[in-house]
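Everything below concerns the one structure shown next.
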Amino acid sequence: MKVLLPGISGLLARIVARKLAQRGHEVIGIDSRPWPDIPQGITLHAVDIRKRAAEDVFRTARPDAVIHMATVTHLLQKSEDRYRINLGGTRAVWDHCHAYGVKHAIFVGRHTYYGAAADAPLYHTEEEPPSGATQFPELSDLVAADLYAGSALWRYPEIATAVLRICYTLGPSHHGTLATFLKPRRIPLVMGFDPLFQFMHEDDAAEGIVVALEKRVRGVFNVSGPPPLPLSVIAHAAGKRTLPVPEGLFRALLGRFGVPHLPQGAVEHIKFPIVIDSMRFKKTIGFRYTHDAEATIESFRATS
Amino acid sequence: MSLASALFGSHSVSREVRDRVDRLELPFSRFGVDNYGISKKHLAYWFTLLGVMYKEYFRVKAYGTEHIPKRGRGMLIGNHSGGIAIDGAMVIASCLFEMEPPRLAQGMVEKFLNKVPMASLWFNRVGQLTGLPENATHLLEDDRLLMVFPEGARGTAKLYWERTSLVHFGSGFMRLALQTKTPIIPFGFIGGGDAFPTVANSVRAGRAVGAPYVPISAYLLPVPLPVQLAVHYGEPMVFEGTGNEDDATIEHKVNEVKARIADLIEHGERQRAGFLTLPGRS
């Protein structure tokens, strides 16, 4: 199968690309960021997904499938840029898929779509509306991109569209929200709160994406690995110490004295859990994670 | 855990509690945490405290625990008794201390408590999740034992002279029982209104702490009296249906449960007053 990966230079996307190539798929990437040690056989087109040159890649390569991973998740990126890239890019990908006969398109989204709140159910199913943007406006572009990709299910019914809402990933790459949060020696927690965090090994996440592609699934799916753990348990297992800080002080210190540089809305994510029910994904494609929580944390710790 | 260790000390968990928590049939991971975030360590500390209240302070008598299923889904449905949730805590304690094998009853906690620091952490670590239909459904489909007080906050607002009465029952529990095909184990809780004799409820004070109201006891202090309490479990009630029946049909079934609970309360009150002579703790 000829697979096009917008956003191929991202660390999770690189793992996906390698897996696809190993399984004999032809892999083409689009990314304005470089991938210096790109494996042989994978082609990178250094263009912006929203520009004409990207459309020409679709036109000339005629991929069978597209895995859209060109979303900006870094919360400190200026919100206007994020909106342009995340929403404009997603629109461009599906429009090109429609125009150039792509049969299967996957949107790789985040479980933070559901939001963290005191009165939210512990396990979120795919039917739930997004509430991520209400307390955390910086997430609104990702929520919008997720919904927009999902709307392709009725706008372009000839394309098998799959929206994957993947929990946090952790692993040797040290890439991602949770890995970044776990970087300091002392992990600040909001005193009196210790939410469950759901994470999976980055290799399992990439495997889930690849299997979703090979099984040509259609619809919206939560994707997760082992059962969630309290944040303090993860931090201790990763060899870190925790430092509970009263909420008012935590908010005042964001970005200073070792407290991560986060938007105010992100504090809710350190107080309340976001846990997803991924039974549908497991049943539909028979996905089973291979790294349990201990092995996943150890893979992160061993490379710290 | 550092706070718990500071409060209780690392050796203060009784052997019985540790043994019973170890025998809970929950899928604890190597980290001692299950898929809802229930922590064995937190359970041990919590049940140590509950055990003292259950056995020493309130000298609770539990009758009919054999009616609670040893495994599989079940809903404990009963009356609120007393202005603070002693009833829920003692029902949970009775399932751990009286059942073989011990079971963890999981209650549905008022939403505002999940916003309160420490309360949020502890309620979640001991399996008492926020009262939402989605949480209840998930737990039942996972074959857990759920504890529900259909009177809700109206029930804990009962004043001293209303302590043995029942207020309006919500119907959500019945639709849930039908949808998930869960047996209902009714219970009557006796004595909570004497342990915490509420004479008034302050909505203003409640607003200040984010709660619906704050109950005021006859002696003003927010501490329950060491009154003997009892819980009477009845035989399981199994209802047929889908959960999509019209309100009148559901209401009829709810009233059957309510009447059964009223019977259990009446029986318990009579027994307490010495009209009946029954064997001790079952």
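Line order of the protein sequences matches chains A and B.
Going by my numbering, the letters in the first sequence line up with residues 1 to 304, in that order.
Going by my numbering, the letters in the second sequence line up with residues 1 to 282, in that order.
The beta carbon of each residue, even a glycine, is placed where N, CA and C say it ideally should be.
Check	Outcome
Determine the direct distance from the alpha carbon of Glu98 of chain B to that of His111 of chain A, and round the result to whole angstroms.	41 Å
What are the start and end residues of each continuous alpha helix (DSSP H) run of 4 or more residues lying completely inside the region 218-280 of chain B, in chain order?	247-272
Per the DSSP calculation, Leu129 of chain B is bridged to which residue(s)?	B:Met108
Given that a residue counts as buried once 16 or more other Cβ atoms are within 10 Å of its Cβ, and exposed if not, what is Met118 of chain B?	exposed
Applying the 10 Å Cβ sphere with the 16-neighbour rule, what's the burial state of Ala6 of chain B?	Note that Ala6 of chain B scores 49 on pLDDT, short of 50, meaning its location in the model is unreliable and no value can be drawn from it.
Out of B:Arg59, B:Ile86, B:Asp87, B:Glu100, state which residue places its alpha-carbon closest to the alpha-carbon of Val21 of chain B.	B:Glu100
How would you write the range of the alpha helix (DSSP H) that His96 of chain A sits in, first residue to last?	89-99
For Ile67 of chain A, list the residues DSSP reports as bridge partners.	A:Ile106
Is the separation between the beta-carbon of Thr130 of chain B and that of Asn114 of chain B shorter than 9 Å?	yes
How big is the Cα-Cα spacing for Pro273 of chain A and Thr60 of chain A?	45 Å
So, using beta-carbon positions, are Leu5 of chain A and Asn86 of chain A closer together than 9 Å?	no
Which of helix, strand or coil does DSSP assign to Phe181 of chain A?	helix
Contact criterion: CB-CB distance below 9 Å. Does Ile254 of chain A meet it with respect to chain B?	According to the sequence shown, residue 254 of chain A is Leu rather than Ile. It does not; no Cβ of chain B falls within 9 Å.
For Phe221 of chain A, report the span of its beta strand (DSSP E) as first-last.	219-223
Give me the Cα-Cα distance between Tyr113 of chain A and Ser202 of chain B, rounded to the nearest whole angstrom.	39 Å
Tell me whether Ile184 of chain B sits in a helix, a strand or coil according to DSSP, three-state version.	strand
So that I know if they touch, is there some Cβ in chain B lying closer than 9 Å to that of Ala238 of chain A?	no
Out of B:Phe112, B:Gly193, B:Leu121, which has the shortest C-alpha to C-alpha gap to Met191 of chain A?	B:Leu121
Am I right that Pro263 of chain A and Glu138 of chain A are in contact with their C-beta atoms under 8 Å? What's the rounded C-beta distance?	5 Å
Which first and last residues belong to the beta strand (DSSP E) in which Ile38 of chain A is found?	Segment: none, Ile38 of chain A is in no beta strand (DSSP E) and carries neither H nor E.
Can you check which of these residues, A:His68, A:Gln22, A:His124, A:Gly29, is closest to Val280 of chain A by C-alpha distance?	Correcting the residue type first, residue 280 of chain A is Arg in the shown sequence and not Val. It is A:His124.
Would DSSP call Asn79 of chain B helix, strand or coil?	coil
Going along the region 126-146 of chain B in order, which residues come within less than 7 Å of chain A, judged by CB to CB distance?	Leu129, Thr130, Leu132, Glu134, Asn135, His138
Report buried or exposed for Asp87 of chain B, applying the criterion of at least 16 other Cβ atoms within 10 angstroms of its Cβ.	buried
Are the C-beta of Arg281 of chain B and some C-beta of chain A separated by less than 9 Å?	Confidence at Arg281 of chain B is low in this model, with a pLDDT of 44, below 50, so the placement of that residue is unreliable and no value is reported for it.
Using the rule of at least 16 other Cβ atoms within 10 Å of the residue's Cβ for burial, across every protein chain shown, is Thr242 of chain B buried or exposed?	exposed
Could you tell me whether any Cβ in chain A is nearer than 9 Å to the Cβ of Pro117 of chain B?	yes
Tell me, please, whether the CB atom of Leu24 of chain B is closer than 9 Å to any CB atom in chain A?	no
Let me know if Asp203 of chain A comes out buried or exposed under the rule of 16 or more other beta-carbons within 10 Å of its beta-carbon.	buried
If you measure from the beta carbon of Val60 of chain B to each beta carbon in chain A, is any gap under 9 Å?	no
From the DSSP output, in three-state form, read off Lys61 of chain B for me.	strand
Consult DSSP for Asp146 of chain A and reduce its assignment to one of helix, strand or coil.	helix
If you count every other CB in all the chains shown that lies within 10 Å of the CB of Leu140 of chain B, and 16 or more means buried, which is it?	buried
For a contact defined as C-beta to C-beta under 9 Å, what are the partners of Asn255 of chain B on chain A?	What Asn255 of chain B touches in chain A: nothing, since even the nearest Cβ is about 29 Å away.
Buried or exposed for Gly24 of chain A, going by 16 or more other Cβ atoms inside 10 Å?	exposed
Check whether the Cβ atoms of Pro150 of chain B and Val257 of chain B lie closer than 9 Å to each other.	yes
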